[in-house]
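Chemist: Residue numbers (my numbering), protein chains in the order written: chain A, 1 to 421; chain B, 422 to 842.
All C-beta atoms, glycine included, are put in the ideal place defined by N, C-alpha and C.
Structure representation (structure tokens):
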């Protein structure tokens, strides 16, 4: 290791998924059920072309779009973002959600990064779902943070376990190091589980109860990246609508996943003092997300094209989730278990504990040999001294693969499962 | 201060310039010679519209542009970037500059941020030009770094002073905390000074000589953001072409300033292990700059539109620099001093030391009253225990203002100078 590098650089490992991606690219016949991409065929090229043309043709709007904007983001996009959230969350969220609280970022990923910077010192503790979004675990590792996993139930966060974890941390005198609970609340990456509104309210209450012992606010960071991709059941309110949400909830969302991932625009809705802190940090990162991308997304929202595209995506993913479900039923052994997600891009498959699924497992090797790729469940678990990482699960995505490839992939995976055990 | 915030958040102040920008926006009659923007009238709306249309019309290229890319950046843009640099720097740079070393970022600002993360721990020392780019000083402050200023001469860095500073740091036992020398080498922001190639080579040599005492590599971070905006004289080689440059030079550049600031795309050319470290950090920030923006810039470069636009900008800025020069000659007192820059966007004006120019000075107040804004020189100086911040200079930009406004602004500023002393 080069001795000039910072502690942060030393702690920052290669993303586990990069190896999977490189593998997928290097083997053209490979079916990847690993990638969390959206489906290339669904990308709204026509919409984007027309919106950009409309934006860049009149001199007034074209100059504004090609010039610097403000660090917090395009005022119109901030307004539309608040409006859209309020339309979903209703008047209960009015105190939590206003254009002034919105901050536009380079995908929701950058918001997650900046929030971590704004709240956490090395050695601090974050509470995460067990399992959770693995790129967040990369941030945790890089910043020298410690993670504690909170178990999941079918309707999201296991509140009893959350209380246990908080209580243990309190007894260990570690509560002052706890800063936030990170919740991927809709069709969670990786499990597909959705946390109910009641549970969000209860989690906020619980955090509130431990604030005195912590000596500072405990934030609920709600990552709603997949919220728009619901294809079954009714929308669930975000924690912005929960009692007390206006002071303790930082909500993240994105316009790239439900529209065009190549146009990386996400957002946060942040209470003070987080909003001010993160705007300042963003000023140092890049003094504002590309104005061109922001303005084209504002037009997509305003024109209704965005909403229409989301409707189209929902139908498509619903169908593909069905194809995946059918394939698993047909090709997977009895003992494999899963829940049907109500949206998003993922199935989470639990195998018997004796069947290892990690990168070095026989199953993973067999799958690669048969030209199919999945995300080993193990990668989605934080390092937590309280338990070993489970190693018998996998994340399967119906996002990027075509219906034909999903079928083919599951057949191959079924064969690997038959052989790999 | 909210006790949940991190040390980084506590250290991150509001950017000094944000107050200036807000002032400018709030007073419509105000002439801002403060903004480092490019000229809105020069923004290549027609080019962008046609390039985007060409990119988004064929299904193959449109899908690729709207999908995720790789963290390091679009391969074609990386290739074109390396090619363009090699065309300027010649074969001497061949070992320093290849597509594999290029990393695309959200403007060069993000690259500067990530390089700071990759190299510096809180308490570490960076060497900067005195004065330097003030947004970098924001990063320095935010990350808890210390800065040491190195004086400037007409042809850039004062090498004797650089040696003195290194020697002092060595004697104080502080050399192990020094990580890099940050150099804005072309038409520097704020002074307009350009560092000669000979000086870059000599600076690299000097750094090399102190590496043993430092115990690690000392990097030269060359910020070439304004390189393309030359309107007089011949291009100067970057430090990539210097002996030893291939192992110690990190070069930053941008495609936004010379083309469209609303399309924020910059780049770094980094030696190992910096490249690997920064790609990993970028993976956590946002796993890659917007693919759409990258691909449209690749097409701008490939088609020659970018080069033509840069030619046009050079002529335009040359003219505007001339207008500013004439205005200063006409309206400014004898005692005011400046150098004609060979490119970029700025003049740096030195007043007699008795004339204060800071945010709280009589001169600044007078200028505001007369509806003209400049950047007080003081804002561009690092906190350095070795000297008080000079407070008798100003940065004037001919970037954003029209020729008429430049004339008007200088007349007003001349009047303020007559009154403000």
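Going by CA-CA distance only, name the one from A:274, A:23 and A:100 that's closest to residue 426 (chain B).
Modeler: Taking the first residue of the second chain as 1, we reach residue 426 (chain B) at position 5. A:274 is the residue among A:274, A:23 and A:100 whose C-alpha sits nearest the C-alpha of residue 426 (chain B).
Chemist: Are the C-beta of residue 563 (chain B) and some C-beta of chain A separated by less than 8 Å?
Modeler: Mapped onto the second chain, residue 563 (chain B) falls at position 142. Using a Cβ-Cβ cut-off of 8 Å, residue 563 (chain B) counts as an interface residue toward chain A, since at least one Cβ of chain A sits closer than that to its own.
Chemist: Which parts of the segment 555-614 of chain B are runs of the beta strand (DSSP E), unbroken and 3 residues or longer, counting only runs that do not cross its ends?
Modeler: Correct list: 567-574 and 599-605.
Chemist: Since residue 179 (chain A) meets chain B, which of its residues come closer than 7 Å, beta carbon to beta carbon?
Modeler: Taking the first chain and counting its residues from 1, one reaches residue 179 (chain A) at position 179. Chain B residues near residue 179 (chain A): 425.
Chemist: Using 8 Å as the limit for Cβ to Cβ distance, is residue 43 (chain A) near chain B?
Modeler: Here residue 43 (chain A) is taken as the residue at index 43 of the first chain, counted from 1. Cβ-Cβ to chain B under 8 Å: yes for residue 43 (chain A).
Chemist: Taking the continuous alpha helix (DSSP H) assigned at residue 119 (chain A), which residues delimit it?
Modeler: Reading the first chain from its first residue, position 119 is the one you call residue 119 (chain A). Start and end: 107-119.
Chemist: How many Å lie between residue 37 (chain A) and residue 808 (chain B) at the Cα?
Modeler: Taking the first chain and counting its residues from 1, one reaches residue 37 (chain A) at position 37. Taking the second chain and counting its residues from 1, one reaches residue 808 (chain B) at position 387. Whole-angstrom Cα-Cα distance: 53 Å.
Chemist: Within its chain, find whatever has a CB closer than 8 Å to the CB of residue 82 (chain A); leave out the 5 residues flanking it on each side and keep chain order.
Modeler: Within the first chain, the letter at position 82 stands for residue 82 (chain A). The residues are 97, 98, 99, 101, 102 and 269.
Chemist: Considering only C-alpha positions, which residue in the set B:822, B:588, B:456 and B:709 is nearest to residue 443 (chain B)?
Modeler: What you label residue 443 (chain B) is simply residue 22 of the second chain in a count that begins at 1. The residue with the shortest Cα to Cα distance from residue 443 (chain B) is B:456.
Chemist: Who are the Cβ neighbours of residue 560 (chain B) in its own chain at under 7 Å, not counting the five residues just before and after it?
Modeler: On the second chain, position 139 is the one that residue 560 (chain B) refers to. Here the set comprises 533, 534 and 537.
Chemist: Could you tell me which chain B residues have their CB closer than 7 Å to the CB of residue 229 (chain A), listed as they occur along the chain?
Modeler: Position 229 of the first chain, counted from the first residue, corresponds to residue 229 (chain A). Within chain B, no C-beta atom comes less than 7 Å from the C-beta of residue 229 (chain A); the nearest is roughly 16 Å away.
Chemist: Listed from N- to C-terminal order along the chain, which residues in the segment 694-717 of chain B have their beta-carbon within a distance smaller than 7 Å of any beta-carbon of chain A?
Modeler: 694, 698, 701, 702, 704, 705, 706, 707, 708, 711, 712, 713 and 714
Chemist: Closer than 8 Å, Cβ to any Cβ of chain B: which residues of the segment 127-153 of chain A, in chain order?
Modeler: From the segment 127-153 of chain A, only 135, 138, 139 and 142 have a Cβ closer than 8 Å to chain B.
Chemist: Tell me which residues share the same chain as residue 202 (chain A) and place their Cβ nearer than 8 Å to its Cβ, disregarding the 5 neighbours each side in the sequence.
Modeler: Here the question's residue 202 (chain A) lines up with position 202 in the first chain. 159.
Chemist: For residue 810 (chain B), collect the residues of the same chain with a Cβ closer than 8 Å to its Cβ; drop the 5 residues on either side in sequence, then sort them by chain order.
Modeler: Counting from one through the second chain, the residue named residue 810 (chain B) turns up at place 389. Excluding sequence neighbours, residue 810 (chain B) sits near 799, 802 and 804.
Chemist: Please name the residues in the segment 527-544 of chain B whose beta-carbon is closer than 8 Å to at least one beta-carbon of chain A, in chain order.
Modeler: 527, 528, 530, 531, 534, 538, 539, 540, 541 and 542
Chemist: Residue 216 (chain A) versus chain B: which residues are under 8 Å apart at the beta carbon?
Modeler: Taking the first chain and counting its residues from 1, one reaches residue 216 (chain A) at position 216. Under the 8 Å cutoff, chain B gives 423, 424 and 425.
Chemist: Which same chain residues end up closer than 7 Å to residue 473 (chain B) when comparing Cβ atoms and leaving out the 5 residues on each side of it in sequence?
Modeler: On the second chain, residue 473 (chain B) is found 52 positions in, with the first residue counted as 1. Hits under 7 Å: 717.
Chemist: Once the 5 residues before and after residue 74 (chain A) are set aside, which same chain residues still bring their CB inside 8 Å of it?
Modeler: Position 74 of the first chain, counting from 1, holds the residue named residue 74 (chain A). Counting only Cβ-Cβ distances below 8 Å, and skipping sequence neighbours, we find 104, 291, 294, 295 and 298.
Chemist: Taking Cβ to Cβ, would you say residue 125 (chain A) is nearer than 8 Å to residue 183 (chain A)?
Modeler: Stepping through the first chain from its first residue, residue 125 (chain A) is reached at position 125. Stepping through the first chain from its first residue, residue 183 (chain A) is reached at position 183. Cβ atoms of residue 125 (chain A) and residue 183 (chain A): not closer than 8 Å.
Chemist: Got a sec, what are the start and stop residues for the beta strand (DSSP E) residue 549 (chain B) sits in?
Modeler: Residue mapping note: residue 549 (chain B) aligns to position 128 of the second chain, counting from 1. 546-551 is the extent of the beta strand (DSSP E) around residue 549 (chain B).
Chemist: What are the boundary residues of the alpha helix (DSSP H) that includes residue 844 (chain B)?
Modeler: In the structure as shown, chain B starts at 422 and stops at 842, and residue 844 (chain B) therefore has no counterpart that could be examined.
Chemist: Output yes or no for whether 8 Å exceeds the beta carbon distance between residue 395 (chain A) and residue 374 (chain A).
Modeler: As a working mapping, residue 395 (chain A) is identified with position 395 in the first chain. As a working mapping, residue 374 (chain A) is identified with position 374 in the first chain. Result yes, Cβ atoms of residue 395 (chain A) and residue 374 (chain A) sit closer than 8 Å.
Chemist: Does the CB of residue 62 (chain A) have a neighbour CB from chain B at under 8 Å?
Modeler: Position 62 of the first chain, counting from 1, holds the residue named residue 62 (chain A). Yes - at least one Cβ of chain B is within 8 Å of the one on residue 62 (chain A).
Chemist: My parser needs the alpha helix (DSSP H) runs of 4 or more residues fully inside the segment 239-303 of chain A; what are they?
Modeler: 245-248, 274-285 and 291-303
Chemist: Alpha carbon to alpha carbon, what distance is there between residue 252 (chain A) and residue 185 (chain A)?
Modeler: Residue numbering aside, residue 185 (chain A) sits at position 185 when the first chain is read from its first letter. Residue numbering aside, residue 252 (chain A) sits at position 252 when the first chain is read from its first letter. About 10 Å.
Chemist: Suppose contacts are defined by Cβ-Cβ distances below 8 Å. Is residue 118 (chain A) in contact with residue 430 (chain B) by that definition?
Modeler: Here residue 118 (chain A) refers to the residue found at position 118 when the first chain is read from its first residue. Here residue 430 (chain B) refers to the residue found at position 9 when the second chain is read from its first residue. A contact, by the Cβ cut-off of 8 Å.
Chemist: Which same chain residues, not among the five before or five after residue 483 (chain B), have their C-beta less than 6 Å away from its C-beta?
Modeler: Start at 1 with the first residue of the second chain, and residue 483 (chain B) comes out as number 62. Closer than 6 Å at the Cβ level, and outside the excluded window around residue 483 (chain B), lie 477.
Chemist: Can you tell me the Cα-Cα spacing of residue 412 (chain A) and residue 321 (chain A), whole angstroms?
Modeler: In the first chain, the residue the question calls residue 412 (chain A) occupies position 412. In the first chain, the residue the question calls residue 321 (chain A) occupies position 321. Distance between the alpha carbons of residue 412 (chain A) and residue 321 (chain A): 17 Å.
Chemist: Sorry if obvious, but does the Cβ on residue 202 (chain A) come closer than 7 Å to a heavy atom of the ligand SAM?
Modeler: Of ligands this structure carries none, so the ligand SAM is not represented either.
Chemist: For residue 615 (chain B), tell me which candidate among B:761, B:492 and B:666 has the shortest Cα-Cα distance.
Modeler: On the second chain, position 194 is the one that residue 615 (chain B) refers to. Ranking the options by Cα distance to residue 615 (chain B), first place goes to B:761.
Chemist: Between residue 240 (chain A) and residue 180 (chain A), what straight-line distance do the alpha-carbon atoms span, to the nearest angstrom?
Modeler: Counted from its first residue, the first chain places residue 240 (chain A) at position 240. Counted from its first residue, the first chain places residue 180 (chain A) at position 180. Approximately 15 Å, taken between the alpha carbons.
Chemist: If you measure from the beta carbon of residue 267 (chain A) to each beta carbon in chain B, is any gap under 8 Å?
Modeler: As a working note, residue 267 (chain A) is residue 267 in the first chain. Not an interface residue.
Chemist: Assign residue 775 (chain B) to buried or exposed, taking buried as 16 or more other Cβ atoms, counted over all protein chains shown, within 10 Å of its Cβ.
Modeler: In the second chain, residue 775 (chain B) corresponds to position 354, counting from 1. With fewer than 16 Cβ atoms within 10 Å of its Cβ, residue 775 (chain B) is classed as exposed.
Chemist: Give a yes or no on whether the minimum CB-CB distance between residue 458 (chain B) and chain A is below 8 Å.
Modeler: Position 37 of the second chain, counted from the start, is the residue given in the question as residue 458 (chain B). Answer yes: the Cβ-Cβ gap between residue 458 (chain B) and chain A drops below 8 Å somewhere.
Chemist: With residue 492 (chain B) and residue 709 (chain B) assumed to form a contact (beta carbons below 8 Å), what rounded beta-carbon distance in angstroms separates them?
Modeler: On the second chain, position 71 is the one that residue 492 (chain B) refers to. On the second chain, position 288 is the one that residue 709 (chain B) refers to. Indeed they touch by this definition, with Cβ atoms about 5 Å apart.
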